[in-house]
Amino acid sequence: MSFDLIPKKRLGLYVHIPFCLSKCAYCDFNSAVPENDEFMGRYVSAVITHMNNYRDAAKEYEVDTVFIGGGTPTALPKAELIRLIKAIKKTFNLTRYAEFTVEANPATVTLPLLKQLRRIGVNRLSFGMQSANNRELKALSRRHTRQEFIESYRLARRAGFDNINVDVMFGIPYQTFDSLMKTLDFVTRLSPEHISMYNLKIEPGTPFYKNLKAVREVCADEDTEYAMYTEAIEFLERRGYPQYEISNFARHGFPCIHNLKYWNCEEYLGFGVSAHSYFNGNRFSFISDVKKYMEALEDIETDIPLTDEFDPVESRERMGEYIMLRMRLVDGLDPRAFAAKFGVSFEETYGAKLKKYLQGGFMVRYNNGCYALTPGGMFVSNYILSDILEFDDLCSYSGSF
Ligand code: SF4
75 MSFDLIPKKR LGLYVHIPFC LSKCAYCDFN SAVPENDEFM GRYVSAVITH
125 MNNYRDAAKE YEVDTVFIGG GTPTALPKAE LIRLIKAIKK TFNLTRYAEF
175 TVEANPATVT LPLLKQLRRI GVNRLSFGMQ SANNRELKAL SRRHTRQEFI
225 ESYRLARRAG FDNINVDVMF GIPYQTFDSL MKTLDFVTRL SPEHISMYNL
275 KIEPGTPFYK NLKAVREVCA DEDTEYAMYT EAIEFLERRG YPQYEISNFA
325 RHGFPCIHNL KYWNCEEYLG FGVSAHSYFN GNRFSFISDV KKYMEALEDI
375 ETDIPLTDEF DPVESRERMG EYIMLRMRLV DGLDPRAFAA KFGVSFEETY
425 GAKLKKYLQG GFMVRYNNGC YALTPGGMFV SNYILSDILE FDDLCSYSGS
475 F
């Protein structure tokens, strides 16, 4: 066999763009309104330098997924976004059919931009719609309306995108069970290939958190949220979107291959502020401060550390991580694969806890022997998994999304 025929290892790439046109009231992602276009150009240059630093380490890999997320990647000046994409393609060995996703805010896309993205190899778009109800969108301080979303979505189809994700949220201010169902009816009629549905979590440091009491008063209670989630799973299944992960639903053949890498514990490299990586048996993340990140990459003499956390993943940790990630998937965890990977029995190690959740209806064991969470179990998956793995810190909240 010639050397060229030896299959290369596969790698996912993530690039974080920490810029948005304005800050949504619930958002705790690392994103802010940029100073100006020049500042964003500097950031793109820093990311390109950073990627170049990993060129040799990634030489042995074929990149089969790329995900540019944020923030709002489409908030970058068009030329900068194109420059970044071209640099990714030049720096890494992308497979011919690599899944290449760009997250887009409906308020920031134009037909020329979408056409150019499609032309240079972006083949998947992910739209943050969140709701089809204008009152709910306003409460979230989203910049787009329902009508603007429809227009952006149609532009994406016209530009040739045949793999589109739409994000939806539930548990948001003023949303009722019926209004969520109307949003899901609206989205499924547009017929995207993929739908993600997240529960609003009110995080410290956000305007929602500062007005916690007032926000909670206009949000559905937990029982209604539970009904929303479980009914949404059935509704989406009926409309041709079977669930494959706690928050993700897709038409046959269109799961997000990039995100599956996270849940399957496969390798990926993340670039940009706060980006995480799992590479060569290590998990690490980069610093979150945009200015420091740029300075660290602009000056090779600098002593600003780029890496925030670096953890060689130990066997026991790897086991916990594997359980946490695999149990997010509807396919669940195969105890035989677990035993082959870690040399211990899943049932013998976690038997008592598994029994409790199986009997309580939060977990099932399929005929093929795999363990998985039921919809009710997924709704409280953080609680269940932290209990099984005895992680106290995850027990402090019940949400799973
Ligand atoms: S557009 Fe997304 S990343 Fe930006 S502020 Fe809103 S929720 Fe956060």
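Quick note: to get this note's numbering, add 74 to the position in the sequence shown (first position is 1). Beta carbons: idealized from backbone N, C-alpha and C, even for Gly. Values in this document were obtained by computation on a predicted structure and should not be read as measured data.
Can you grab the Cα-Cα spacing for the pair residue i / residue j, in whole Å?
i: S226; j: F358; result: 36 Å
i: E421; j: G434; result: 17 Å
i: I159; j: F323; result: 27 Å
i: F93; j: F260; result: 29 Å
i: T71; j: Y440; result: For the chain, the structure presents residues 75 to 475; residue 71 sits outside this window and is missing.
i: T376; j: L187; result: 36 Å
i: G327; j: A446; result: 21 Å
i: I91; j: T123; result: 15 Å
i: S119; j: E369; result: 11 Å
i: R228; j: F309; result: 24 Å
i: G443; j: P379; result: 46 Å
i: L463; j: P409; result: 16 Å
i: M393; j: N104; result: 29 Å
i: L286; j: G145; result: 23 Å
i: K284; j: V292; result: 15 Å
i: F453; j: V121; result: 37 Å
i: S76; j: Q317; result: Interpretation of S76 is limited by its pLDDT of 49, a score under 50 that renders its predicted location unreliable; no figure is taken from the coordinates.
i: I276; j: T257; result: 21 Å
i: D467; j: L459; result: At D467 the pLDDT is 46, less than 50, meaning the model places this residue with poor confidence and gives no usable figure here.
i: S455; j: D461; result: 10 Å
i: A414; j: Y272; result: 33 Å
i: D363; j: A153; result: 24 Å
i: V438; j: T250; result: 30 Å
i: V89; j: R116; result: 15 Å
i: E391; j: F416; result: 11 Å
i: L191; j: L155; result: 9 Å
i: G143; j: A411; result: 32 Å
i: M255; j: K365; result: 43 Å
Please name the residue, chosen from the options, that lies closest to residue i on a Cα-to-Cα basis.
i: A99; options: N322, I246, R228 and E383; result: I246
i: E134; options: V183, K82 and E319; result: K82
i: P449; options: L463, L432 and E464; result: L432
i: L403; options: Y128, I331 and M114; result: I331
i: A131; options: K429, M437 and N354; result: N354
i: A181; options: V242, F282 and F201; result: F201
i: A206; options: Q221, R192, A288 and L380; result: Q221
i: E311; options: H268, A294, M203 and L286; result: H268
i: T280; options: A106, D461 and S460; result: A106
i: R193; options: D408, Q204, G234 and V183; result: G234
i: M114; options: D138, Y367, N127 and E277; result: Y367
i: V183; options: N167, C101 and F223; result: F223
i: D236; options: Q317, K189, S253 and R209; result: K189
i: V242; options: M203, V121, A230 and R313; result: M203
i: R157; options: Y128, N127, R129 and V196; result: V196
i: I374; options: N127, K97 and R116; result: N127
i: N239; options: D295, A294, I162 and F141; result: F141
i: L185; options: T219, T298 and R231; result: R231
i: T298; options: D252, L191 and T423; result: D252
i: G451; options: V289, F282, C101 and Y300; result: Y300
i: D295; options: L274, L95 and S419; result: L274
i: P278; options: D102, E372 and K97; result: D102
i: D325; options: N333, G314 and E319; result: With the sequence shown as reference, residue 325 is identified as Arg, and Asp is not the correct amino acid for it. Closest by alpha carbon: G314.
i: I320; options: S270, R290 and A288; result: S270
i: L341; options: T139, R129 and L407; result: In the sequence as displayed, the identity of residue 341 is Glu instead of Leu. Per the Cα distances, T139.
i: P329; options: R129, R209 and D405; result: D405
i: K97; options: K163, H218, R209 and A161; result: H218
Would you please state the rounded distance, in angstroms, between the beta carbons of residue i and residue j? I believe it to be under 8 Å.
i: P147; j: V176; result: 5 Å
i: R84; j: E136; result: 6 Å
i: D385; j: N356; result: 7 Å
i: N179; j: A149; result: 7 Å
i: F360; j: M125; result: In fact, because the Cβ distance is near 12 Å, the residues do not count as touching under 8 Å.
i: L343; j: L168; result: About 13 Å separates the two Cβ atoms, so there is no contact after all.
**OP:** For the region 395–404 and the region 331–339, state whether three or more C-beta atom pairs, one from each stretch, are separated by less than 8 Å.
**Re:** yes
Original post:
In chain order, which beta strand (DSSP E) runs of at least 3 residues are fully inside the region 316–380?
Top reply: 317–319, 322–324, 342–345, 350–353 and 356–360
Original post:
Does the count of Cβ pairs from the region 162–180 and the region 303–314 closer than 8 Å reach three?
Top reply: no
Subject >> Meets three-Cβ-pair contact criterion under 8 Å: the region 346–357 and the region 251–266 >> reply: no
Subject >> Touch test, the region 210–218 against the region 240–256, Cβ-Cβ under 8 Å, three pairs minimum >> reply: yes
**OP:** Scan the region 178–227 and note each continuous beta strand (DSSP E) run of 3 residues or more that stays entirely inside, going in chain order.
**Re:** 198–204
Original post:
Which runs of the alpha helix (DSSP H) spanning at least 4 residues fall entirely within the region 245–309, listed in chain order?
Top reply: 251–264, 281–284 and 286–291
**OP:** Output the residue ranges of the beta strand (DSSP E) runs that lie fully inside the region 114–147 and measure 3 residues or longer, sorted by chain position.
**Re:** 135–144
Original post:
Going along the chain, which unbroken runs of the beta strand (DSSP E) with 3 or more residues stay wholly within the region 407–445?
Top reply: 437–439
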